[in-house]
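Everything on this sheet refers to the single structure shown next.
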Amino acid sequence: MTAREGAAGARIVDRGYQHYTGERRGIPSALRAIMIGTMKRSLGFKRPGSAKVFPFLLVAASFLPFIIVTGLRLLIGDNISRRVAADQLWPYWRYFNWLGLVVLLLAALAASEALCPDRRQRVLSLYYASPVPPLLYLLGQALAVALVLLLVAMLPPLLLWVANVGLAQNPGVYWQAHWDEGPRILASGVLLALLNAALGLAVSAFTERKGYAAGALIGGTIVISIVAGIASTVGGGAAKYALLIDPLLSGPNVARWFLGHSLDRNIAGPAWLAVELTTIAVCAALVVRVYRRLAF
Amino acid sequence: MRMTTAVHDAVPAATAPGEVLVATSGLTKTYGSLRALDGASLRVQPGCTALLGENGAGKSTLIKLLLGLNAASGGSARVLGFDPATHGPAVRARVGYFPEHDCLPNDWQAQDFVRQMGEVRGLPPRIAVQRASDVLAQVGLAEERYRPIGGFSTGMKQRVKLAQALVHDPQLVLLDEPTNGLDPLGRDQMLELVQRVVHEMGINVLISSHLLADVQQVSDAVILLDRGHVAAQGGLRELLADTDTLLIELIEENPAFVARLRAAGLRVDGGGRDLRVPLTGEAVFDTVRDAAADSGAGLARLKRGARSLEEVFLSGTGNGARTAAP
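Listed in order, the protein sequences are those of chains A and B. The first sequence begins at 1456 in my numbering and counts up one residue at a time. The second sequence begins at 9 in my numbering and counts up one residue at a time.
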């Protein structure tokens, strides 16, 4: 309620209902609202304290190597580089191994938060009754999950790379030798985020309960990982390719390929990338299919 | 008003008094062999119009078609000048929707949720925050707006549903059974709110209900749906008017007056001071006047009879055995 103050100090505190005659925005603005709302809630904002704990821990875990390595370099300086190159204290490829697990866990939280409550509590009917077409609503939710995952999949190693450049004895020389690592880290992070977002959303599209969705994603990934590991070990020759279906290895191996590091069981980088892109595409198609069938 | 996308620029909307907000012609929707809506032709004019019918009469189907959420199997519709089948987003940008079922996120604050719905329907973020506060205050939730919706009573949740339907200042609000699940006090308060929406806020309302009393309390016009058909429609006064009966109110009881009416060939129903005679023509008034003069009866009032909405409903549905809840 707005108040207007008169010359004698009188105030109108209730002007009743006011019609809105100002600017009205379109679909992009609505999409932005959906994205920001979901991003905030995936990270625990605007929710009870208990809902903030796990997202906070996972985000903290993703930045931990960056904080430790950069902190050590700032505190001890170049003394640590006698045994190992300062920028190899925690190589980027190893960082992505760590992030593979962290991103999966955050995907379980974020994707289930994005899709399940709106269906379970039937809020979806209100979104569908807005100017936003159903598939754009879905796009908004998917982008929100992907952006949340990007926060942990890309930002920490990217910051580590920036710190490595900045803390090098000769940053200019270091930059010339290592500038290409930035885009490689960027691409690796984006793909890792997209893979886990797609997997999380695909699982969450099949249930209205957040707990089931998160449990199914984490449990399913563990089971697939174990099965793929066993199959690749007991079988001979081509059986090693069973590892390709392991979501915990897929993203990190693409990152290792991008960053020029050796790959699990010498499976070619393009094979890991092809599986990752196919998984993303199949999951996206599954989610769209499920939502197209949802009755209003 | 500056509008930034095709959703808002498509066609100027019809809002002037006297214009038709909603018009359908032969609108049909089938689900397999079931005809949920069967050639419905109706018109909704500014004010409050009630969509009255039993469960399964086709009310919710009609609302979905008007919002452009389902495709019609036949016929056509115009909502605020738009065809919902081809301009669904433009319709939904201008219409507020209050679903019959629960549709609120329990762990959101009311303020956040209504603001979010405002932004999704085109309000700039800062305006959405302000209007969310305003409409929540208008529906009586000013103090509670920062509380999680999950802790609200049914009546408060219904108010949040109304607030989210109003936040973007729509030209028309579709209310689907807004008094469902409310106790008598909550029901009265909700109906008062609906009347405020129409008369104080100046927003047109199409209210779907199976409760005759609700409809009679708030609406200016009624569309009676029966098994997918429009059984009757029109202004409430016209529908309730019964030109076949003349109501006579005497100052005091007068048997001689009744005897003279009967002697004149009129059938007299009722008794005491309140009598009813069939109104077969203007000559009936002369007969009543003469009988009163001859018997010395004092006439307090002569009035054309009116039907109850229940009678309209029963005659409209063509089945006296089937009744709507009173």
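Glycine residues also receive a C-beta, built at the ideal position from the N, C-alpha and C atoms.
Report task. Tell whether a beta-carbon distance below 9 Å holds between lysine 1507 of chain A and aspartate 120 of chain B. Result -> Position 52 of the first sequence holds residue 1507 of chain A. Position 112 of the second sequence holds residue 120 of chain B. Not in contact: lysine 1507 of chain A and aspartate 120 of chain B (Cβ atoms no closer than 9 Å).
Query raised in the report: With alanine 1668 of chain A and threonine 1662 of chain A assumed to form a contact (beta carbons below 8 Å), what rounded beta-carbon distance in angstroms separates them?
Result: On the first sequence, position 213 is the one that residue 1668 of chain A refers to. On the first sequence, position 207 is the one that residue 1662 of chain A refers to. Indeed they touch by this definition, with Cβ atoms about 5 Å apart.
Query raised in the report: Would a C-beta distance cut-off of 9 Å place arginine 1479 of chain A and histidine 176 of chain B closer than the cut-off?
Result: On the first sequence, position 24 is the one that residue 1479 of chain A refers to. On the second sequence, position 168 is the one that residue 176 of chain B refers to. Yes.
Requested in this report: May I ask you to report which of helix, strand or coil DSSP gives threonine 162 of chain B?
Outcome: Residue 162 of chain B sits at position 154 when you count from the first residue of the second sequence. Reduced to three states, the DSSP call for threonine 162 of chain B is helix.
**Report entry** Distance CB(arginine 1577 of chain A)-CB(aspartate 110 of chain B) smaller than 9 Å
**Finding:** Residue 1577 of chain A sits at position 122 when you count from the first residue of the first sequence. Residue 110 of chain B sits at position 102 when you count from the first residue of the second sequence. Cβ distance < 9 Å, so arginine 1577 of chain A and aspartate 110 of chain B count as in contact.
**Report entry** Cα-Cα separation between leucine 1602 of chain A and alanine 1465 of chain A, rounded to whole angstroms
**Finding:** If you number the first sequence from 1, residue 1602 of chain A lands on position 147. If you number the first sequence from 1, residue 1465 of chain A lands on position 10. Distance between the alpha carbons of leucine 1602 of chain A and alanine 1465 of chain A is about 50 Å.
Query raised in the report: Taking DSSP as the reference, what is the three-state secondary structure of tyrosine 154 of chain B?
Result: Along the second sequence, read from residue 1 onward, the residue named residue 154 of chain B stands at position 146. It is coil, neither helix nor strand.
Query raised in the report: For glycine 242 of chain B, which of B:Leu50, B:Leu74, B:Leu149 has the nearest alpha-carbon?
Result: Here the question's residue 242 of chain B lines up with position 234 in the second sequence. Ranking the options by Cα distance to glycine 242 of chain B, first place goes to B:Leu50.
Query raised in the report: Where does threonine 38 of chain B sit, in a helix, a strand or coil, going by DSSP?
Result: Numbered from its first residue, the second sequence carries residue 38 of chain B at position 30. In the structure shown, threonine 38 of chain B sits in a strand (DSSP, three-state: E or B).
Requested in this report: Return helix, strand or coil for valine 238 of chain B, following the three-state DSSP convention.
Outcome: Against the second sequence, residue 238 of chain B aligns to sequence position 230. Strand.
Report task. Would you kindly report the start and end of the unbroken alpha helix (DSSP H) that includes proline 1520 of chain A? Result -> Counted from its first residue, the first sequence places residue 1520 of chain A at position 65. For proline 1520 of chain A, the enclosing alpha helix (DSSP H) has its first and last residue at 1505-1531.
**Report entry** Distance, proline 192 of chain B Cα to glutamate 1568 of chain A Cα
**Finding:** Translated into positions along the first sequence, residue 1568 of chain A becomes position 113. Translated into positions along the second sequence, residue 192 of chain B becomes position 184. Approximately 37 Å, taken between the alpha carbons.
Report task. Would you list the one or two residues that DSSP bridges to phenylalanine 7 of chain B? Result -> This structure cannot speak to residue 7 of chain B, because chain B is shown only from 9 to 334.
Query raised in the report: Roughly how many angstroms separate the alpha carbons of histidine 1474 of chain A and arginine 1711 of chain A, rounded to a whole number?
Result: The sequence position of residue 1474 of chain A within the first sequence is 19, counting from 1. The sequence position of residue 1711 of chain A within the first sequence is 256, counting from 1. Near 58 Å, if we compare the C-alpha coordinates of arginine 1711 of chain A and histidine 1474 of chain A.
Query raised in the report: Whole alpha helix (DSSP H) runs in the region 215-295 of chain B with 4 or more residues, listed along the chain?
Result: With a minimum length of 4 residues, the continuous alpha helix (DSSP H) runs that stay inside the region 215-295 of chain B are 220-226, 244-248, 263-271.
Query raised in the report: Are the beta-carbon atoms of arginine 155 of chain B and leucine 201 of chain B separated by less than 9 Å?
Result: Numbered from 1 along the second sequence, position 147 holds the residue referred to as residue 155 of chain B. Numbered from 1 along the second sequence, position 193 holds the residue referred to as residue 201 of chain B. Result no, Cβ atoms of arginine 155 of chain B and leucine 201 of chain B do not sit closer than 9 Å.
Report task. May I have the straight-line CA-CA distance separating glycine 76 of chain B from glutamate 27 of chain B, to the nearest angstrom? Result -> Counted from its first residue, the second sequence places residue 76 of chain B at position 68. Counted from its first residue, the second sequence places residue 27 of chain B at position 19. Roughly 21 Å between the two C-alpha positions.
Query raised in the report: CA-CA distance, proline 107 of chain B and serine 68 of chain B?
Result: The sequence position of residue 107 of chain B within the second sequence is 99, counting from 1. The sequence position of residue 68 of chain B within the second sequence is 60, counting from 1. In this structure, the straight-line span from the alpha carbon of proline 107 of chain B to that of serine 68 of chain B is close to 9 Å.
Query raised in the report: Which residues, in order along the region 291-312 of chain B, keep a beta-carbon less than 7 Å from a beta-carbon of chain D?
Result: Note that chain D does not occur in the displayed structure, where the protein chains are A and B.
Requested in this report: Measure the Cβ-Cβ separation of glycine 40 of chain B and glycine 82 of chain B and say whether it is below 9 Å.
Outcome: What you label residue 40 of chain B is simply residue 32 of the second sequence in a count that begins at 1. What you label residue 82 of chain B is simply residue 74 of the second sequence in a count that begins at 1. At a Cβ-Cβ threshold of 9 Å, glycine 40 of chain B and glycine 82 of chain B do not count as neighbours.
Query - CB of valine 1607 of chain A within 9 Å of CB of leucine 1554 of chain A, strictly - result: Residue 1607 of chain A sits at position 152 when you count from the first residue of the first sequence. Residue 1554 of chain A sits at position 99 when you count from the first residue of the first sequence. Yes, the pair counts as a contact, with Cβ atoms nearer than the cut-off.
**Report entry** Residue-level contact to chain A via CB, cysteine 5 of chain B, 9 Å cutoff
**Finding:** What the structure shows of chain B is the stretch from 9 to 334, and residue 5 of chain B is not part of that stretch, so it cannot be assessed.
Query raised in the report: Measuring CB to CB, does leucine 183 of chain B end up less than 9 Å from valine 213 of chain B?
Result: Residue mapping note: residue 183 of chain B aligns to position 175 of the second sequence, counting from 1. Residue mapping note: residue 213 of chain B aligns to position 205 of the second sequence, counting from 1. Cβ distance < 9 Å, so leucine 183 of chain B and valine 213 of chain B count as in contact.
Query raised in the report: If you run the structure through DSSP and keep just helix, strand and coil, what is methionine 1456 of chain A?
Result: Reading the first sequence from its first residue, position 1 is the one you call residue 1456 of chain A. Legend: pLDDT at methionine 1456 of chain A = 44, less than 50; position of this residue unreliable, value from coordinates given subsequently. Annotated three-state conformation of methionine 1456 of chain A is coil, per DSSP.
Requested in this report: Consult DSSP for glycine 130 of chain B and reduce its assignment to one of helix, strand or coil.
Outcome: On the second sequence, position 122 is the one that residue 130 of chain B refers to. Glycine 130 of chain B: coil per DSSP, three-state reduction.
Query raised in the report: Looking at the structure shown, is glutamine 1624 of chain A part of a helix, part of a strand, or coil, going by DSSP?
Result: Translated into positions along the first sequence, residue 1624 of chain A becomes position 169. Of the three classes helix, strand and coil, the one that applies to glutamine 1624 of chain A here is coil, per DSSP.
Query raised in the report: Do leucine 1650 of chain A and valine 1702 of chain A come within 9 Å of each other at the CB atom, strictly closer than that value?
Result: Residue mapping note: residue 1702 of chain A aligns to position 247 of the first sequence, counting from 1. Residue mapping note: residue 1650 of chain A aligns to position 195 of the first sequence, counting from 1. Inspection of the sequence shows that residue 1702 of chain A is occupied by proline rather than by valine. Yes, they are a contact pair.
Requested in this report: Buried or exposed for arginine 1748 of chain A, please, with buried defined as at least 16 other CB atoms from any protein chain shown within 10 angstroms of its CB.
Outcome: Residue mapping note: residue 1748 of chain A aligns to position 293 of the first sequence, counting from 1. So arginine 1748 of chain A counts as exposed.
Query raised in the report: Name the chain A residues whose beta carbon is nearer than 9 Å to that of proline 92 of chain B?
Result: Here residue 92 of chain B is taken as the residue at index 84 of the second sequence, counted from 1. Those within 9 Å of proline 92 of chain B in chain A number zero; the least Cβ separation is about 11 Å.
Query - Residue-level contact to chain B via CB, tyrosine 1547 of chain A, 9 Å cutoff - result: Stepping through the first sequence from its first residue, residue 1547 of chain A is reached at position 92. Taking Cβ atoms only, chain B never reaches closer than 9 Å to tyrosine 1547 of chain A, which makes this a no.
Report task. Would you grab the beta carbon distance between leucine 1591 of chain A and isoleucine 1735 of chain A for me? Rounded to a whole angstrom, and I think it's under 8 Å. Result -> Residue numbering aside, residue 1591 of chain A sits at position 136 when the first sequence is read from its first letter. Residue numbering aside, residue 1735 of chain A sits at position 280 when the first sequence is read from its first letter. No, leucine 1591 of chain A and isoleucine 1735 of chain A are not in contact; Cβ-Cβ is about 19 Å, not under 8 Å.
Requested in this report: Could you tell me whether any Cβ in chain A is nearer than 9 Å to the Cβ of leucine 131 of chain B?
Outcome: Against the second sequence, residue 131 of chain B aligns to sequence position 123. True, the Cβ-Cβ gap to chain A drops below 9 Å.
Query raised in the report: If you measure from the beta carbon of tyrosine 1667 of chain A to each beta carbon in chain B, is any gap under 9 Å?
Result: By one-based count along the first sequence, residue 1667 of chain A stands at place 212. Not an interface residue.
Query - Beta-carbon proximity of valine 1689 of chain A to alanine 1597 of chain A, cut-off 9 Å - result: In the first sequence, the residue the question calls residue 1689 of chain A occupies position 234. In the first sequence, the residue the question calls residue 1597 of chain A occupies position 142. Not in contact: valine 1689 of chain A and alanine 1597 of chain A (Cβ atoms no closer than 9 Å).
Report task. Within the region 1557-1602 of chain A, note down every full alpha helix (DSSP H) run reaching 4 residues or more, in order along the chain. Result -> The region 1557-1602 of chain A contains these whole alpha helix (DSSP H) runs: 1579-1583.
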